[in-house]
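Quick note, the sequences are listed as chains A and B, same order. Position 205 of the first sequence, counting from 1, maps to 205 under the UniProt record's numbering, and the rest follow consecutively. Position 90 of the second sequence, counting from 1, maps to 90 under the UniProt record's numbering, and the rest follow consecutively. Virtual Cβ for every residue (Gly too), placed ideally from N, Cα, C. If you're wondering where the values come from, they're calculated on a predicted model, not measured in any experiment.
Number of protein chains: 2
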Amino acid sequence: MNILEKIANELDMLSKSERKVAEVILASPSTVIHSSIAALAKQANISEPTVNRFCRRLDTKGYPDFKLHLAQSLANGTPYVNRHVDENDSAEEYTAKIFESTMASLELARKSLDANVINRSVDLLTQANKISFFGLGASAIVAHDAQNKFFRFNVPVVYFDDILMQRMSAINSQQGDVVIVISHTGRTKSLVEVASLAKENDATVIGITTEGTPLAKECNIVLSVDVSEDTDLYMPMSSRIAQLTLIDVLATGFTLRRGSKFRDNLKKVKDSLRSSRFDRKE
Amino acid sequence: MNILEKIANELDMLSKSERKVAEVILASPSTVIHSSIAALAKQANISEPTVNRFCRRLDTKGYPDFKLHLAQSLANGTPYVNRHVDENDSAEEYTAKIFESTMASLELARKSLDANVINRSVDLLTQANKISFFGLGASAIVAHDAQNKFFRFNVPVVYFDDILMQRMSAINSQQGDVVIVISHTGRTKSLVEVASLAKENDATVIGITTEGTPLAKECNIVLSVDVSEDTDLYMPMSSRIAQLTLIDVLATGFTLRRGSKFRDNLKKVKDSLRSSRFDRKE
DNA sequence: AGAAAAAATGAAATTTTATTTCATAATTAG
DNA sequence: CTAATTATGAAATAAAATTTCATTTTTTCT
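As structure tokens, this is what we get:
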């Protein structure tokens, strides 16, 4: 179990001074693993025994043992933290930060997903007469991608990123159709309306959105993808990556459910693209 | 760099006694991280200073520091590896596998990227009179996404996922234009031709593709995004995620280069979307 | 509100652990 | 076979962590 998460979790179980220690550690865990207990105590403006007690409260044997746990956490658990891009970052720095934030978001998204809900969604998709993907803005890309994937499966699939087409399509939907509505915020008015229209016309509506939003309330099933709020500061970044990965999951679930014969078919689709490509030299 | 590998590598650089230490560590590294220097010395039948010297020879500051490195190596055992989805996987299993593979690919992609090339690309983009993004299939989504992002920056930007439009646009390009061609395989004939046409017409061609491919050869600059070959078995998955993250990096570089005033403008674009959304309750 | 109990905290002492120093032993080169 | 070099460990020293205990702060109960 990751000790950084553990610290964050148990933050309110700690005493005032211990919390100071926790904050210093969370602020810069990689510095701490190279600090002595004295240095850390000074940094947090508390005494050395307090640091020691803090370590014990986290079920480690003492400070050195705590550092070991911390080192391990840094190596795997949350190597990918959300580090904000800074005005003066070099290309190298902001590249690293963006990749790491994206990975951190994927980690988070994975945790927020419920396998049962995925399973039910795959069930519905395999049984659908028609599948529609709707999204706007950044989520339009996700819908576009989903169409691209499901199209390969040779199932009736459409995608619209135009409000009017979405409405018309929703109104024409019927029992047996699955409509997937994608929106990170879950607050885009026209999409919420589209979801509502589709539902009224007996389609099954699956939302790829955040739990508890107006859109989520209109859906039969909600695939909630949580990503840290502040990664998408000025433009959608992590959210759409998480959504796309979810599409991969659904597509994979779909192919698995359809069995091996179906996957042979996929290979055929892939091979059919070959003539449009230059050969590999090897 | 993994310290266990390092020990194994440098085994023959070590003295007889130091090698004894190395062997004890390699035999059971997880025991060692909980041992004191005295315990380890005894285990290896050598003295404490020898252990200390051993640690220094591996470029660590001393025994505690060595243990930290060791702890990290142990944790790093299986970070995000490419685990293949299996026929009989449960929803939980394949979800985890896909998310982890995606993260592994991002890690790989980040390593393959050259910050200097990114910097030059950002340079060119900020100075461009017009920016075009071309892609087909899964890469069309990436181009679509790029357009969506750069459109917010209020620069002339177009995207085409249609071969004919791409050709026409390439032929009409001129000096000062930047054309970004996206293709994971780098072997799609029509895209290679489009790149070549754009170049002939004095546009600067940036390729988001794999190094050494026919497309790469036609480009002025290649942003090479390597992802493990076998992740995209039947359909493109990881490659497009890596490409999209690269788009985020370019877009971020762009905004940083344009300065803070420009970013205020971005906020305005975002705020302008507000009226199309339901309010948050808080 | 105020006293007693409980909990939290840090100074100092103690203990544990790691490192340095230095004399001796082993190895290598000439 | 000897001198030089290198490797090694015992002992001393230094550094770091932990324990003890007195003091302060907070909480609980009149």
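In the DSSP assignment, the alpha helix (DSSP H) including residue 287 of chain B goes from what residue to what residue? The displayed coordinates of chain B run from 1 to 282. Any statement about residue 287 of chain B would go beyond what the structure contains.
How close, in whole Å, do the beta carbons of A:A146 and A:I247 come, if the pair is a contact with beta carbons under 8 Å? 5 Å
I think A:L191 touches A:F134, with their Cβ atoms under 8 Å apart; what is that distance to the nearest whole Å? 7 Å
List the whole-angstrom C-beta distance separating B:L40 from B:V51, where the pair is believed to meet the contact cut-off of C-beta under 8 Å. 5 Å
Quick check: the Cα distance between B:E107 and B:I98, rounded to an integer number of angstroms? 14 Å
Among B:Y94, B:T210, B:K199, which residue has its Cα nearest to the Cα of B:P187? The residue asked about is misnamed: residue 187 of chain B is Arg in this sequence, not Pro. B:R187 has its Cα closest to that of B:T210, out of B:Y94, B:T210, B:K199.
Take B:K199 as the anchor and find which of B:N220, B:M168, B:I208 has the nearest alpha-carbon. B:N220
Element boundaries [alpha helix (DSSP H), containing A:K20]: 16-27
A:V122 and A:G253 - do their beta-carbons sit closer together than 8 Å? yes
Where DSSP assigns a beta bridge to A:S139, which residues make up the other side? Looking at the DSSP assignment, A:S139 forms no beta bridge with any residue, so it has no partner.
Spatially closest choice to B:L113 from B:R257, B:I208, B:N9, B:M103, by CA coordinates: B:I208
With a Cβ-Cβ cutoff of 8 Å, do B:L136 and B:D161 count as a contact? yes
Comparing the C-beta of B:V81 with each C-beta of chain A, is any distance below 8 Å? With a pLDDT of only 49 at B:V81, under the threshold of 50, the placement of this residue in the model should not be trusted, and no figure is reported.
Could you list which residues in chain A have their beta carbon closer than 7 Å to that of B:H144, in chain order? Chain A residues near B:H144: I141, H144.
Return the residues of the segment 59-72 of chain A that lie within a Cβ-Cβ distance of less than 7 Å from chain B, sorted by chain order. P64, K67, L68, A71, Q72
Supposed close pair A:V249, B:T95 - CB separation, criterion 8 Å: Separation of the CB atoms of A:V249 and B:T95 is rounded to 5 Å, and the pair is thereby assigned contact status at 8 Å.
Taking B:T204 as part of the beta strand (DSSP E), name the residues at either end of that continuous run. 204-209
Among all the DSSP beta bridges, which residues are the ones paired with B:K130? B:D177
Using a Cβ cut-off of 7 Å, pull out every chain A residue sitting near B:M165, in sequence order please. What B:M165 touches in chain A: nothing, since even the nearest Cβ is about 16 Å away.
Alpha carbon to alpha carbon, how far is A:I7 from A:S28? About 13 Å.
By DSSP, does A:L197 sit in helix, in strand, or in coil? helix
Less than 6 Å between C-beta atoms, sequence neighbours within five positions excluded: which residues of the same chain meet that for A:E18? Contacts found: F54.
Any C-beta of chain B under 8 Å from that of A:M237: Answer yes: the Cβ-Cβ gap between A:M237 and chain B drops below 8 Å somewhere.
Which two residues bound the contiguous alpha helix (DSSP H) that contains A:L223? Not the alpha helix (DSSP H): A:L223 falls in the beta strand (DSSP E), residues 221-224.
Does A:T78 come within less than 8 Å of chain B when only Cβ atoms are used? In this prediction, A:T78 scores a pLDDT of 41, lower than 50, which makes its location untrustworthy; the coordinate-derived value is nonetheless stated afterwards. No - not a single Cβ of chain B is within 8 Å of the one on A:T78.
On the criterion of 16 or more Cβ atoms from any shown chain inside 10 Å, does B:T255 qualify as buried, or is it exposed? B:T255 is buried by the Cβ-count criterion.
For B:R277, the three-state DSSP class (helix, strand or coil): strand
Proximity below 8 Å, CB of B:T102 to CB of B:S238: By the CB criterion at 8 Å, B:T102 and B:S238 fall inside the cutoff.
Applying a beta-carbon distance threshold of less than 8 Å, which residues of chain A neighbour B:Y94? The answer, in chain order, is V249, T252, G253, L256.
Neighbouring residues, chain B, relative to A:D162 (Cβ below 9 Å): Going along chain B, no residue has its Cβ under 9 Å from A:D162, so there is no contact; the nearest lies around 14 Å.
Nearest-angstrom Cβ-Cβ length linking B:F150 and B:A251, presumed shorter than 8 Å: 7 Å
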